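Participant: Right, I'll just put the structure down here and ask away after.
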Amino acid sequence: MLEKLFQSLGFTPSEILTYLTLAELGKAGAALVAKRAALPRSTVYTAFEALLRRGLVSIEHAAEGTLYIANNPQALLRMFEDEKRETEHNLQTKAAAINEILPLLTPYFKRENYSVPKLQFFEGAANVSHMLYEHCRAWQQSIAAYDFTWWGYQDHHFVEAYREWLDFYWAGMLPQERICLLSNRSETERRLRSKVTRRTIKMVPKQYQVSSTVWTLGEYVVTIMTRQKPHYAFQLQDAVFAANQRMTFQLLWSVLKS
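Be aware that the sequence shown starts at 2, since it is given in my numbering, and climbs by one per residue.
If you want it as C-alpha cells, here you go:
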C-alpha cells in the first residue's frame, strides 16, 4: 500500500525501498542501507541523490563517513509545494511564450496561398479534442446555412470520452439549432435523455451496433473513432458529399421510432 502511494508521487521502486529502509534505520551509511534493502550500493547512491534533491533525506558527515538521515514525513508536503511552484512557473513561462508567438505566427495563416485542406486527419485524443474546439464554430455556421441540424449517428463511447467538449458546445447552441442523431442503446444516453434542449437521439435496433461517430454538419462530414486507441478523426468539407449523407440520415430518421 505504502509503496503504491509513493509510486503515485513519482518515486521509483529503488527510491522507495531506499527511503523506507533508511526510515527504519533512522540514520545509516549507504553500505548498511544497501545490505538491508538487498540493493546494489550504486543503486542506493543514485536513489539517495534523487531523495536529497526532493528534500526527503539529509546528510551528516561523521568520522566514520557520510551518514544519511530520513527527514520527517512533513518533507513530502514541502516537496509537493516546491514542485507545485515550479510547475506554475513553467506554465506561466509557456503561456507568455505562446502569447508572444500568436501575433507573430497568425499572419502566415492569412496569406492568399494558405488554404485549409478539404480532408483533414486528426490522430490521438489531444488532436481530436483540438479539432472539436477549433472547428465547431465553423460547423455551426455551416449548418446555419442549411437546416440548423446535426445529422448522423454517434457512438456513446464518444459522449463518455469528450463530455467536457459536448457541455461546452451545448451551452453555445444557436436558438434554432437542433441535434438529430442515431445511437446505441446505452446507459449513457438514457441518463442524457431530455437533459439537453433540442437534442434528440433515436436508438438503433438491438441487433445493430454503432461503433463510430459520423456527423453531417452543413457542408462538413466528420468521422470520429473512440473505441480504440489512439482515437482518430476525419473532417471532410464537400457540399455534394455532405448533401448525400444528410439525405441518407434524414431517411433513416424518418423510419426509426424514438
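Ideal placement from N, C-alpha and C gives every residue a C-beta, glycine not left out. Just so it is clear, the structure is predicted and the values come from calculations on it, not from any experiment.
Please report the residue range of the beta strand (DSSP E) in which residue 190 lies.
Facilitator: Here residue 190 refers to the residue found at position 189 of the sequence shown. No beta strand (DSSP E) holds residue 190; the alpha helix (DSSP H) holding it covers 188-193.
Participant: Between the alpha carbons of residue 151 and residue 237, how many angstroms are there, rounded?
Facilitator: Walking along the sequence shown from the start, residue 151 turns up at place 150. Walking along the sequence shown from the start, residue 237 turns up at place 236. If you take the alpha carbons of residue 151 and residue 237, they lie about 15 Å apart.
Participant: Going by DSSP, what residue range makes up the alpha helix (DSSP H) through residue 88?
Facilitator: Along the sequence shown, one-based indexing puts residue 88 at 87. Residues 76-106.
Participant: Note down, in chain order, each residue of its chain lying with its Cβ closer than 6 Å to the Cβ of residue 28, except the 5 sequence neighbours on either side.
Facilitator: Your numbering for residue 28 matches position 27 in the sequence shown. Around residue 28: 68, 70.
Participant: So, helix, strand or coil for residue 6, using DSSP?
Facilitator: Here the question's residue 6 lines up with position 5 in the sequence shown. Helix, per DSSP.
Participant: Once DSSP output is grouped into helix, strand and coil, what is the label at residue 258?
Facilitator: Here the question's residue 258 lines up with position 257 in the sequence shown. Three-state result, residue 258: coil.
Participant: Output the distance between the C-alpha atoms of residue 136 and residue 225, rounded to the nearest integer angstrom.
Facilitator: The residue you call residue 136 lines up with position 135 of the sequence shown. The residue you call residue 225 lines up with position 224 of the sequence shown. Those two C-alpha atoms are separated by around 14 Å.
Participant: Which residues mark the beginning and the end of the beta strand (DSSP E) in which residue 71 is found?
Facilitator: Within the sequence shown, the letter at position 70 stands for residue 71. Start and end: 66-71.
Participant: How is residue 36 classed by DSSP in three states: helix, strand or coil?
Facilitator: Taking the sequence shown and counting its residues from 1, one reaches residue 36 at position 35. Helix, per DSSP.
Participant: Just verifying my parser: in three-state terms, what is the DSSP assignment at residue 169?
Facilitator: Counting from 1 along the sequence shown, the entry for residue 169 is found at position 168. DSSP places residue 169 in helix when its eight states are reduced to three.
Participant: Distance check for residue 162 and residue 75, CA to CA, integer angstroms please.
Facilitator: For the purposes of this step, residue 75 is taken as residue 74 along the sequence shown, with counting starting at 1. For the purposes of this step, residue 162 is taken as residue 161 along the sequence shown, with counting starting at 1. Spanning the two alpha carbons is a distance of roughly 37 Å.
Participant: For the segment 88-105 against the segment 174-186, do three or more pairs of beta-carbon atoms, one drawn from each stretch, fall closer than 8 Å, so that the two count as touching?
Facilitator: Short answer: they don't touch.
Participant: May I ask you to verify whether the segment 229-236 touches the segment 202-212, counting CB pairs closer than 8 Å and requiring at least 3?
Facilitator: With the cut-off at 8 Å, the segment 229-236 and the segment 202-212 do not touch.
Participant: Could you pull the start and end residues of the alpha helix (DSSP H) that residue 142 belongs to?
Facilitator: Here the question's residue 142 lines up with position 141 in the sequence shown. 126-145 is the span of the alpha helix (DSSP H), which, as asked, contains residue 142.
Participant: Counting Cβ pairs closer than 8 Å, one from the segment 42-50 and one from the segment 73-88, do we hit at least three?
Facilitator: In short, these stretches do not touch, since the Cβ pair count stays below three.
Participant: Which term fits residue 218, buried or exposed, when burial requires 16 or more other beta carbons within 10 angstroms of its beta carbon?
Facilitator: The residue you call residue 218 lines up with position 217 of the sequence shown. So residue 218 counts as buried.
Participant: Using three-state DSSP, classify residue 184 as helix, strand or coil.
Facilitator: Within the sequence shown, numbered from 1, the residue matching residue 184 stands at position 183. If DSSP states are grouped into helix, strand and coil, residue 184 belongs with the strands.
Participant: Just to confirm the assignment, what range does the beta strand (DSSP E) spanning residue 213 have?
Facilitator: Sequence index remark: in the sequence shown, residue 213 carries index 212 (1-based). Run containing residue 213: none; DSSP gives neither H nor E here.
Participant: Would residue 99 be called buried (16 or more neighbouring beta carbons within 10 Å of its own) or exposed?
Facilitator: Within the sequence shown, residue 99 is the residue found at index 98, counting from 1. When all chains shown are included, residue 99 counts as exposed.
Participant: Compare the Cα-Cα distances from residue 15 to each of 26, 25, 47 and report the closest residue.
Facilitator: Position 14 of the sequence shown holds residue 15. It is 47 whose Cα lies nearest to the Cα of residue 15.
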